[in-house]
Every structure is written in structure tokens, then in C-alpha cells.
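Undergrad: When the sequence shown is numbered by UniProt numbering, its final residue is 254 and no position is left out of the sequence of numbers. Backbone N, C-alpha and C define an ideal beta-carbon position, used for all residues, glycine too. The structure under discussion is supplied below as C-alpha cells; questions concerning it will follow.
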Amino acid sequence: MLASLYSICLQYIVENNQELTTLENVPFKPFVQDIINGIFQSEKPFEKSTLSLIGKAHGQHLFKQIHPTFTCICLSQLCPIGSSVVALKFLSSNFPEIITQLDLSHTDIGDRHIPLLNGFKYLQILDLCNMELLTDIGISHLSAMNTTATNRLPFLKELYLADNDSITDKVLKYIGKMETLNYIDLTNTCVTEEVAIIYLKTLGFVQTNKRKAVDWPPLCLKLHRDIRNMLIDNGEFMKRCKTKGDPEEKEQFI
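Next up, the structure:
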């Protein structure tokens, strides 16, 4: 069976997606969606420029029409401990618009890095659980982005803050200013339960008896692998570390 002209052109774009210069005014369905699916099904990696073009031109379509596997990033799966900040800066600088679900749990991201989320316009679910460097101050930065006035995180609806000892009652006033939230997890924090229940009820929240598990889709291994390779190619993962059993510091790629 002969391939159609459309399939031939699509295959060329997939194999040479680094040559794309714009996707503005290109309909998401079927064209951009077919390009995304085509790259997924091929051995060709996603290029940094391609992800950026998709996000800028069609970010608003991704969380409505694409399986969340493509738009979900887990930072701890991208990089080793100690490189999280580098990875988040890379995502923030290059293609934040493609990400609708972001897992920063168990990383060394801290308060001063939260403003890097400023460009994640279509972010819906954010996991900040078990982060030693996160305090109420970090949530104040997040809150400032999730208001009608700033409109920088207009779709954020779920925020997970569990297992953070430095999250206290002060965080409640920042949560109160976050206009789009419909779920917040404060399990195992230093927030006083009675105070939180009373205050959050005034905001329309309802206490649940069972902790909700973060609804993460299966991680897209190809996307994570491609982004990890981008970081390595850019020299972003060069770091100083001690090899086990060797007292000398060695510089190596991770």
C-alpha cells in the first residue's frame, strides 16, 4: 500500500523536527497532534526547540486534548540529587508551557526557586511534598502568581504540601489568596489542624477523611529521557561529586 502524501510529509517533519521554526496558525488537530504522536512512536527524540514551539503555540490545547502522560514531569526522574535546581531552570527557560503536572517532591528545590514556576502557564497539579528547603515563604511566592491580577498560574487547581516540617499556620493566609485551588494537602506539616479546618471552610474547602493520592499518569519515559539528554548535551549536569570509596573529588557527567 502506497503511503499518502500527508503521511510522507508527516514522517519528514517527525524525522527533522529540529528544523521547525513555528507552529503558529497550524491547527492543533490533526496536524500538531499527529506530529506529537509521530515523534512518540519513532526513535527520533523530541528537540528542545520543538517542545518550545508546541508549548508557545498550543499549550492551551495540551491539557484538554493530549493524554497527561505527555505533559507530566517528575523532576526526581530527570536528575540526581543535587541537580534539581539546574533541571527546573532548564524547564522554566525552554518549554514551561507544555507542563500541566509537575512533581518537585523529594528534591532540593527551595523557597528562592519557586519563582521559576512563573512561566508554567498551564500548570494544573503541583507536588511539593517532602522538600527540606521549602517553607511558608515559598508558598507566598506561589500565591503571588496565582491571582487574577498576575494571571501567571491561572489553571493551578491541586497543591500537595505534605511532609514538610517548615510549613506552618502562616501558610493559610497565602492559600487563601490562591483563587483557582480546589484541593490542598497539608498532611504531616506544622499547620494546626483545628485552625486549618476552620479557616479553609470559610474559603469553601471541605475536609476529607481520606488523603487523596496524587493522580499522576504513568511517566513518559521517552520524554524524560529526551529532556535528560538535552541537559547532558548542554553540559547542565556537570557537577562535582565524590566517588564512593575515593576521597578525591571528581568531576563527571551524571
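Under a three-way DSSP split, which group does Tyr183 fall into?
TA: Three-state DSSP puts Tyr183 in a strand.
Undergrad: Look up Leu159 in the DSSP assignment and give the residues it is bridged to.
TA: According to DSSP, which records beta bridges pairwise, Leu159 is partnered with Leu126, Ile184.
Undergrad: Residues in the same chain with beta-carbon distance under 7 Å from Ile114, minus the five sequence neighbours each way, listed in chain order, please.
TA: Contacts found: Gly138, His141, Leu142.
Undergrad: Between Asn182 and Lys157, how many whole angstroms is the CB-CB distance? I'm expecting something under 8 Å.
TA: Contact holds; Cβ gap of about 5 Å.
Undergrad: Measure the beta-carbon distance from Asn17 to Glu47 and round it to whole angstroms, keeping in mind my assumption that it falls under 8 Å.
TA: The pair is a contact, with the Cβ atoms about 5 Å apart (cut-off 8 Å).
Undergrad: Starting from Leu78, trace the beta strand (DSSP E) in both directions and tell me its first and last residue.
TA: Run containing Leu78: none in the beta strand (DSSP E); it sits in the alpha helix (DSSP H), 75-78.
Undergrad: Between the beta-carbon of Ile167 and the beta-carbon of Asp127, is there less than 9 Å?
TA: Going by C-beta atoms, Ile167 is not nearer than 9 Å to Asp127.
Undergrad: Assuming Pro217 and His67 are in contact, meaning their beta carbons sit under 8 Å apart, how far apart are those beta carbons, in whole angstroms?
TA: The pair is a contact, with the Cβ atoms about 7 Å apart (cut-off 8 Å).
Undergrad: Between which two residues does the alpha helix (DSSP H) holding Asp34 run?
TA: 33-40 is the span of the alpha helix (DSSP H), which, as asked, contains Asp34.
Undergrad: Give the range of the beta strand (DSSP E) segment to which Gln101 is assigned.
TA: Taken as a continuous stretch (DSSP letters only), the beta strand (DSSP E) holding Gln101 covers 101-103.
Undergrad: Is Ile35 closer than 9 Å to Thr71 when the C-beta atoms are compared?
TA: No.
Undergrad: Once the 5 residues before and after Ala3 are set aside, which same chain residues still bring their CB inside 7 Å of it?
TA: The answer is none, since no qualifying residue turns up.
Undergrad: What are the start and end residues of the alpha helix (DSSP H) that includes Val85?
TA: Its alpha helix (DSSP H) spans residues 84-94.
Undergrad: For the alpha helix (DSSP H) containing Gln60, name the first residue and the last one.
TA: 48-65 is the span of the alpha helix (DSSP H), which, as asked, contains Gln60.
Undergrad: Please tell me whether Asp34 has its Cβ less than 9 Å away from any Cβ of chain D.
TA: Going by chain labels, chain D is absent from the structure shown, which holds only one protein chain.
Undergrad: Counting C-beta neighbours from all protein chains within 10 Å, is the total for Tyr12 16 or more, i.e. buried, or is it exposed?
TA: Counting Cβ neighbours within 10 Å, Tyr12 comes out exposed, since fewer than 16 surround it.
Undergrad: Going straight from the alpha carbon of Phe28 to that of Lys56, what length do you get?
TA: Spanning the two alpha carbons is a distance of roughly 12 Å.
Undergrad: Which one of Cys190, Leu116, Asn164 has the shortest CA to CA distance from Leu133?
TA: The residue with the shortest Cα to Cα distance from Leu133 is Asn164.
Undergrad: Just how far apart, CA to CA, sit Ser52 and Lys173?
TA: When rounded, the distance between both Cα atoms is 35 Å.
Undergrad: For Gln11, report the span of its alpha helix (DSSP H) as first-last.
TA: 5-15 is the extent of the alpha helix (DSSP H) around Gln11.
Undergrad: Might you give, ordered along the chain, the residues of its own chain that have their beta carbon closer than 6 Å to the beta carbon of Leu104, omitting 5 neighbours on each side?
TA: Around Leu104: Leu75, Leu128.
Undergrad: State the beta-bridge partners of Cys190 as determined by DSSP.
TA: Cys190 pairs with Thr168.
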